[in-house]
Every structure is written in C-alpha cells, then in structure tokens.
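*Asks:*
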Amino acid sequence: MELYLKVRLAVSEGMSRRQAAKHFNISRDSVSKMVSYSTPPGYQRQLPIRRPKLDAFVSTIEHWLEEDLKVPRKQRHTAKRVFDRLRDERGFTGGYTIIKDYMRERDQRRQEVFVPLAHPPGHGQAD
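The UniProt record's numbering puts the first residue of the sequence shown at 1, with every later residue one more than the last.
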C-alpha cells in the first residue's frame, strides 16, 4: 500500500509513468494500474474453484445430506461418514480433508443470517 501511494504521488507531481516505473523498479503496466485506481482493486477470482477429485461426487453428497434432513439429528451424515461411504461405495480416491472442507463451506452457506437490532434507550419497535 505504501508503494501504491508513493507511485500515485510521484505521477501526480509531474513524474512520467515511464520514469516512475524505472524509479520504483516496477513495470509500466503496474504504474498505469496504480494511477487508474485510488485504492488497490484487490483480487477477483476469474473462475470458480475446481476440485477435480470431488466435483464428480458433489451431487451424491448433496443427495445424502438432503435425505438426512428427514432423519433424527444423531443419525445424520458426518464428514467422516460421507468420506467412508464415498470411498467404499463409489470408489472415491481423494482425502478426508477435501470432504471435511466441502461440508464446512456448505454448512456456512446454509446458515441463516440474523441482523441484530439495536435501539437507543427509550425507543422501541413494535410490530
């Protein structure tokens, strides 16, 4: 971030982009990007994450977990149980961590989000 600000300041004070690139030892394309944006734009993933070992089994896992919603909580699939079933029944060759990480992400996506309501003293909300 410090370099970003230094480059923007140097160019705004009259230094050419080519000179700034040479002075800060970065490419001219980088200088152009730094001048174009007031803050670094950050990284945006172009394609979704590929999981070559897991992608073929995602639909099976989703089916099992949807069926689990109908059974008592203690009888539902854990990451370990999903891993064992995939390995034994479907020939899954990936590792346990892949399954565990996928199920954690899935659970986080499915959690209901609550927005806390804060009211100043003496003010309330009634529906």
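Beta carbons: idealized from backbone N, C-alpha and C, even for Gly.
Over what stretch of residues does the alpha helix (DSSP H) that includes D68 continue unbroken?
*Replies:* Where D68 is concerned, the enclosing alpha helix (DSSP H) stretches over 58-68.
*Asks:* Mind the definition here: the segment 107-116 touches the segment 72-79 only if three or more C-beta pairs lie below 8 Å; say whether that holds.
*Replies:* Taking 8 Å as the limit for Cβ pairs, the verdict is that the segment 72-79 does not touch the segment 107-116.
*Asks:* Three or more beta-carbon pairs under 8 Å between the segment 41-50 and the segment 17-30, yes or no?
*Replies:* No: fewer than three Cβ pairs fall under 8 Å.
*Asks:* Beta-carbon within less than 7 Å of R90's beta-carbon, same chain only, minus the 5 sequence neighbours each way: which residues are those?
*Replies:* Answer for R90: F57, T60, listed in chain order.
*Asks:* DSSP three-state label for K74, please.
*Replies:* Three-state DSSP puts K74 in a helix.
*Asks:* Reducing DSSP to helix, strand and coil, say where I98 ends up.
*Replies:* In this structure, I98 counts as helix in the three-state DSSP scheme.
*Asks:* Specify the secondary structure class of R85 as computed by DSSP and reduced to three states.
*Replies:* Of the three classes helix, strand and coil, the one that applies to R85 here is helix, per DSSP.
*Asks:* Going by CA-CA distance only, name the one from W64, L5, A118 that's closest to D84.
*Replies:* The candidate whose alpha carbon is nearest that of D84 is W64.
*Asks:* Alpha carbons only, please: which of L86, L9, E2 is nearest the one belonging to L54?
*Replies:* When only C-alpha atoms are compared, the closest one is L86.
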